[in-house]
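Here the sequence shown is numbered in my numbering, starting from -12 and rising by one per residue.
Even glycine gets a Cβ: it sits at the ideal position worked out from N, Cα and C.
Read the structure below first, then the notes.
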Amino acid sequence: MADSPSHPFLQGLSKHRGAPPTVVVIFGASGDLCARKLIPAIYNLGADGLLPAEFSLIGFARKPIPDDEFRKLAHAGITEFSRRAPTPEVWDRLAPNVTYVSGGYDEKAAFDRLAEKITGIEKKLGREVQTVFYVSTPPNVFSSILVNLGSSGLASKYLGQPHQSKVIVEKPFGKDLETAKALNKTINSVFAEPQVYRIDHYLGKETVQDLLVQRFSNSIFEPLWNRDFIDNVQITVAEEVGVGTRGGYYEQSGATRDMIQNHTMQLLALTAMEPPSSLDAEAIRDEKVKVLKAIQPLTVGPHGDVARAQYSAGLMGGKPVKGYLEEEGINPQSGTETYSAIRLAINNWRWQGVPFYLRSGKRMARRVSEIAINYKRPPGTLFAGEGAKFDLAANTLAFQIQPDEGLSLVFNTKIPGLETRTQPVKMSFRYAATFGSNTAEAYERLILDCMIGDGTLFIRGDETEASWKIYTPVIDYWRSVGRAGMDSYAAGSWGPPNSDALLAQRKRRWREP
């Protein structure tokens, strides 16, 4: 089929030539994620000239919405949530290609209507297009959507060709090992694995992507990235917010399912993986899976590898807030953790004997996500025994993922003066200060990568199962013992005593980000 050079996106908007003509279909188009993240991301790709020359967006949800109304909702979402305000130049080119299909996720006829709409777009353009299906819905309808994409023929459209259909699946990827396997089985009964893009938006953040660059492009880091020099690694994903109106959902999730099993484990895998043979997506994902499979099983119970807690009433920003058990929709006898701390051991040559500490919680002192590489103290007693004259700290390399993306290095230096006194100092790099604050958001990078067929920053099926294999026994144990062993921490603090004790067992303590 012939190209269509008259298409509006060719008129000064499109610079990106990596993706073929594309239709993005968002399931759950009337939902919050679509308005806050997905449509603004697509708009910003268009503003940056990174959408393919022929691009269309189709919203799909149960609620009937006329095309014009959906365009208004999309424009409102961009206005409120985008990193840049909509301009007529960009919006007027995008809007005519934004449409909507209503129907049930278990309604085969609705998917047939969707297929007809996509065929109509191809006829109008005079060429074949690839279709990206973005499943942005509650997980209880994942299977219905996937099955209907298969039965309608949309999943297998142009299979094996560069413009084959693709599917982006939002987390959670199951709630334990058994359900993760079942979801993967459903996905792979409809889509081939190269068509599948399991998304974790953390992997689209600049600092996460930069982690591999820092490790493998700087000779001063990688030679020291092992058990000979590193004492421990700490990964923190802390939130200031409580459960808010999501109490019903959170009761079925908890911190371990919601954050530890996915976000923090992705950060761990990238931190601990061996150098890949290339930057090919499969080479990188192979190394991530090897790390996950090398993690030793966790011990539970007293003096084990895990700690959990719930936030109690406290102060956030000087204002009183409720404890978890007083929040709307929460069972007063709930055994759901709002804070989880884990000690992991990786059984391979590089990391033998180096503990990895992971923690995530709600209502913590401040919102921050970081990876801290804590190096061993230097040997000898050269600067010991002199009291207050020598304030020495272990070197720490910290990657801050949010909110102020960047990295810092703590090292010791001499205080100016006539006598020798030392003090730890921090050298920092911030993306906003060096490159400006209006950098692309994670969803922009990930949607673009899917369109061009780059799976590097997405999660493979065996990776999800390897991670769930680690945490399912812990979740099952906690379910069996109810509230036994549950600790508490005041809202606005850095966590509970049993989390501090997890590190104190080996004479370590949490770093305050």
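Assign residue i to one of two classes, buried (16 or more other C-beta atoms within 10 Å of its C-beta) or exposed (fewer than that).
i: residue -12; result: Residue placement at residue -12 cannot be trusted, given a pLDDT of 39 that sits under 50; what the coordinates show is reported in the next sentence. Residue -12 is exposed by the Cβ-count criterion.
i: residue 414; result: exposed
i: residue 236; result: exposed
i: residue 93; result: exposed
i: residue 6; result: buried
i: residue 433; result: buried
i: residue 296; result: buried
i: residue 127; result: exposed
i: residue 315; result: exposed
i: residue 425; result: exposed
Measuring straight from C-alpha to C-alpha, what distance separates residue i and residue j?
i: residue 102; j: residue 132; result: 13 Å
i: residue 41; j: residue 138; result: 27 Å
i: residue 13; j: residue 120; result: 6 Å
i: residue 109; j: residue 222; result: 47 Å
i: residue 354; j: residue 147; result: 43 Å
i: residue 381; j: residue 189; result: 28 Å
i: residue 167; j: residue 452; result: 6 Å
i: residue 330; j: residue 464; result: 16 Å
i: residue 55; j: residue 486; result: 52 Å
i: residue 300; j: residue 468; result: 24 Å
i: residue 391; j: residue 182; result: 34 Å
i: residue 44; j: residue 228; result: 33 Å
i: residue 208; j: residue 421; result: 21 Å
i: residue 458; j: residue 436; result: 29 Å
i: residue 263; j: residue 203; result: 10 Å
i: residue 62; j: residue 156; result: 24 Å
i: residue 334; j: residue 150; result: 41 Å
i: residue 249; j: residue 370; result: 42 Å
i: residue 99; j: residue 308; result: 49 Å
i: residue 310; j: residue 456; result: 31 Å
i: residue 261; j: residue 200; result: 13 Å
i: residue 328; j: residue 210; result: 29 Å
i: residue 18; j: residue 51; result: 13 Å
i: residue 306; j: residue 231; result: 15 Å
i: residue 494; j: residue 218; result: 11 Å
I'd like to check one pair, residue j with residue i: are the Cβ atoms closer than 9 Å?
i: residue 347; j: residue 220; result: no
i: residue 489; j: residue 356; result: no
i: residue 558; j: residue 112; result: Lying before the first or after the last residue shown, residue 558 is absent from the chain, which here runs from -12 to 500.
i: residue 499; j: residue 349; result: no
i: residue 153; j: residue 440; result: yes
i: residue 86; j: residue 59; result: no
i: residue 65; j: residue 53; result: no
i: residue 283; j: residue 332; result: yes
i: residue 343; j: residue 195; result: no
i: residue 294; j: residue 483; result: yes
i: residue 411; j: residue 379; result: yes
i: residue 88; j: residue 15; result: no
i: residue 268; j: residue 443; result: yes
i: residue 170; j: residue 160; result: yes
i: residue 135; j: residue 162; result: no
i: residue 478; j: residue 362; result: no
i: residue 97; j: residue 107; result: no
Considering only DSSP beta bridges, list what residue i is partnered with.
i: residue 303; result: 306
i: residue 12; result: 45, 120
i: residue 157; result: 186
i: residue 342; result: 332
i: residue 278; result: DSSP lists no partner for residue 278.
i: residue 400; result: 410
i: residue 269; result: For residue 269, which the question treats as bridged, DSSP gives no partner whatsoever.
Return no unless some Cβ of chain D is closer than 9 Å to the Cβ of residue i.
i: residue 167; result: Chain labels in this structure do not include chain D; a single protein chain is all it has.
Exercise. Do the stretch 256 to 276 and the stretch 287 to 297 touch if we need at least three Cβ pairs shorter than 8 Å?
Worked result: no
Problem set entry | Contact between the stretch 427 to 443 and the stretch 20 to 40 (3+ Cβ pairs under 8 Å) | yes
Exercise. Counting Cβ pairs closer than 8 Å, one from the stretch 441 to 452 and one from the stretch 310 to 324, do we hit at least three?
Worked result: no
Exercise. Between the stretch 324 to 343 and the stretch 238 to 252, do three or more beta carbon pairs fall short of 8 Å?
Worked result: yes
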